[in-house]
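Chemist: One structure coming up, written as structure tokens, with questions to follow.
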Amino acid sequence: ETGVTQTPRHLVMGMTNKKSLKCEQHLGHNAMYWYKQSAKKPLELMFVYNFKEQTENNSVPSRFSPECPNSSHLFLHLHTLQPEDSALYLCASSRAGGNRNEQFFGPGTRLTVL
Amino acid sequence: TQLLEQSPQFLSIQEGENLTVYCNSSSVFSSLQWYRQEPGEGPVLLVTVVTGGEVKKLKRLTFQFGDARKDSSLHITAAQPGDTGLYLCAGVRGETNAGKSTFGDGTTLTVKP
């Protein structure tokens, strides 16, 4: 039990669809992250939220839109995606502050864009 | 240019063998984490090392942080099939951390019974 849940676990969508990924953490953390994990590529940090404020956006295309309504919930809104966006999308949380940044990950959403 | 390089990229061994995987960088990190990821799941934190030269043990796993805090190694003794997975190292730069972890590209370990 990692304390970080993600839904849905699997998602298949067409390029014209709009969908949202949801992440929830029950660990009392105040930093949350979205990562993209593709085959044969390192984990790519997409967005970081610290106390609900977005502090990092790693040049992510605007077809990915994050939302953090509170420290426990994180969403990733998807629209007009491309087939190359197919990947495992991981959410993580951590306690902000200090130099450890020990992250707790959810199980991920396996996204396939047709 | 990958900030953190892991080697080997793939490793397939028999149960009972020992192995070492490496995580190298030219940058100094204030801390470094090791994670293990199993298929269909997210990475799970194994350990954090903070002090140069630090050695930490977790059952059959031994983690070492380089003296200069630029590199780390993970040694597994008497590997078991349950050790199979993707091993990721992540370095934290600076003293204020959120979003500052950089992940290596991972070592995929397969332990055959």
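Order-wise, the sequence lines are chains F and D. Counting from 1, position 62 in the first sequence corresponds to residue 62 in the working numbering; the numbering is continuous, with no gaps. Counting from 1, position 93 in the second sequence corresponds to residue 1093 in the working numbering; the numbering is continuous, with no gaps. Note that CB positions come from ideal geometry on N, CA and C, so glycine has one too.
1. Under 9 Å between beta-carbons, which chain D residues line up against residue 103 of chain F? List them in chain order, please.
2. Counting beta carbon pairs with one atom in the stretch 1064–1075 of chain D and one in the stretch 1032–1047 of chain D, are three or more of them shorter than 8 Å?
3. Could you check the C-alpha separation between residue 83 of chain F and residue 113 of chain F for me, to the nearest Å?
4. How would you call residue 77 of chain F, buried or exposed, if buried means at least 16 neighbouring beta carbons within 10 angstroms?
5. Please compile the residues from chain F whose C-beta is within a distance smaller than 8 Å of the C-beta of residue 1104 of chain D.
6. Using a Cβ-Cβ distance cut-off of 8 Å, determine whether residue 28 of chain F contacts chain D.
7. Can you check whether the C-beta of residue 1030 of chain D is within less than 8 Å of a C-beta belonging to chain F?
8. Quick one: residues in its chain with C-beta nearer than 8 Å to the C-beta of residue 103 of chain F, no 5 flanking neighbours on either side, listed in chain order?
9. Suppose you measure from the CA of residue 1070 of chain D to the CA of residue 1007 of chain D; what does that come to, to the nearest Å?
10. Kindly list, in the order they appear in chain F, the residues whose Cβ is closer than 7 Å to that of residue 1077 of chain D.
11. Would you mind working out which of D:1083, D:1104, D:1013 sits nearest residue 40 of chain F, comparing C-alpha positions?
12. Rounded C-beta distance between residue 90 of chain F and residue 105 of chain F? I'm assuming under 8 Å.
13. Please compile the residues from chain F whose C-beta is within a distance smaller than 9 Å of the C-beta of residue 1108 of chain D.
14. Does DSSP put residue 84 of chain F in a helix, a strand or coil?
15. Does any heavy atom of the ligand HEM sit closer than 7 Å to the C-beta of residue 1060 of chain D?
16. Using a Cβ-Cβ cut-off of 8 Å (strictly less than) and excluding sequence neighbours within five positions of residue 1100 of chain D, which residues of its own chain qualify?
17. Going by beta carbon distance, what residues of the same chain come within less than 7 Å of residue 64 of chain F, once the five residues before and after it are set aside?
18. Any idea if residue 1078 of chain D is buried or exposed, counting beta-carbon neighbours within 10 angstroms, 16 or more meaning buried?
19. Excluding five sequence neighbours on each side, which residues of the same chain lie with their C-beta closer than 6 Å to the C-beta of residue 30 of chain F?
Modeler: According to the structure data:
1. Residue numbering aside, residue 103 of chain F sits at position 103 when the first sequence is read from its first letter. Those are 1033, 1035, 1043, 1045, 1090, 1101, listed as they occur along chain D.
2. Taking 8 Å as the limit for Cβ pairs, the verdict is that the stretch 1064–1075 of chain D does touch the stretch 1032–1047 of chain D.
3. Within the first sequence, residue 83 of chain F is the residue found at index 83, counting from 1. Within the first sequence, residue 113 of chain F is the residue found at index 113, counting from 1. Cα-Cα distance, rounded: 5 Å.
4. In the first sequence, counting from the first residue as 1, residue 77 of chain F sits at position 77. Its Cβ having fewer than 16 others within 10 Å, residue 77 of chain F is exposed.
5. Residue 1104 of chain D sits at position 104 when you count from the first residue of the second sequence. Ordered by position in chain F, the residues that pass the 8 Å Cβ test against residue 1104 of chain D are 42.
6. Position 28 of the first sequence, counted from the start, is the residue given in the question as residue 28 of chain F. It does not: the Cβ of residue 28 of chain F has no partner Cβ on chain D nearer than 8 Å.
7. Position 30 of the second sequence, counting from 1, holds the residue named residue 1030 of chain D. Yes, residue 1030 of chain D counts as interfacial toward chain F.
8. By one-based count along the first sequence, residue 103 of chain F stands at place 103. The answer, listed in chain order, is 33, 92, 93, 94.
9. Translated into the one-based positions of the second sequence, residue 1070 of chain D becomes position 70. Translated into the one-based positions of the second sequence, residue 1007 of chain D becomes position 7. Cα to Cα, residue 1070 of chain D sits roughly 15 Å from residue 1007 of chain D.
10. Within the second sequence, numbered from 1, the residue matching residue 1077 of chain D stands at position 77. The premise fails here: residue 1077 of chain D is roughly 24 Å from chain F at the closest Cβ pair, so nothing lies under 7 Å.
11. Against the first sequence, residue 40 of chain F aligns to sequence position 40. Considering only alpha carbons, the answer is D:1104.
12. On the first sequence, position 90 is the one that residue 90 of chain F refers to. On the first sequence, position 105 is the one that residue 105 of chain F refers to. With 8 Å as the limit, residue 90 of chain F and residue 105 of chain F qualify as a contact, their Cβ atoms being about 5 Å apart.
13. The residue you call residue 1108 of chain D lines up with position 108 of the second sequence. The contacting residues do not exist; residue 1108 of chain D stays about 10 Å from chain F at best.
14. Residue 84 of chain F sits at position 84 when you count from the first residue of the first sequence. Reduced to three states, the DSSP call for residue 84 of chain F is helix.
15. This structure does not include the ligand HEM; it has no bound ligands of any sort.
16. Start at 1 with the first residue of the second sequence, and residue 1100 of chain D comes out as number 100. Hits under 8 Å: 1092, 1093, 1094.
17. The sequence position of residue 64 of chain F within the first sequence is 64, counting from 1. Same-chain partners within the cutoff: 46, 76, 78.
18. As a position in the second sequence, residue 1078 of chain D is number 78, starting the count at 1. So residue 1078 of chain D counts as exposed.
19. Position 30 of the first sequence holds residue 30 of chain F. Hits under 6 Å: 51, 71, 96.
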